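Residue numbers for the sequence shown follow the UniProt record's numbering, so the first one is 1 and each next one is one higher.
Glycine included, every Cβ here is placed at the ideal spot set by N, Cα and C.
No experiment lies behind these values; they were computed from the predicted model shown.
Structure first, commentary second.
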Amino acid sequence: MTSLMLALAITASQILLGLAMACAAFRMLRGPRAQDRVLGLDTLYLTAMLLLLTYGIQTGRTLYFEAALVIALLGFVGTVALGKFLMRGEVIE
């Protein structure tokens, strides 16, 4: 009973995360300003990381957790770099 409930919850969360990724991709492609596109990209990498985590929980493999960690680190650095570029017009001082 408990494993069935966990499997259903993980599947439901994966479906909802896929829907969130579609909304973030729409915002990233359609956003009228550059800030909207950066926010869409930030949301896209975050939901991709969460989707990998839920898939890792579902399969029981640790490789997905490591991949999610790498995505989180690279996404954070990319968001900071894009934010700095939008504020100052340059990334490296």
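Query, Result
"Taking all protein chains shown into account, decide if Ala34 is buried (16 or more other Cβ within 10 angstroms of its Cβ) or exposed.", "exposed"
"How many Å lie between Leu74 and Leu52 at the Cα?", "15 Å"
"Can you give the Cα-Cα distance for Gly60 and Ser13, rounded to whole angstroms?", "16 Å"
"Looking at the secondary structure, which residues open and close the alpha helix (DSSP H) in which Thr79 lies?", "Leu63 to Arg88"
"Go ahead and label Gly89 buried or exposed: buried means 16 or more other beta carbons lie within 10 angstroms of its beta carbon, across all protein chains shown.", "exposed"
"State the start and end residues of the unbroken alpha helix (DSSP H) segment that holds Arg33.", "From DSSP, Arg33 is part of no alpha helix (DSSP H); its letter is neither H nor E."
"Once DSSP output is grouped into helix, strand and coil, what is the label at Gly60?", "coil"
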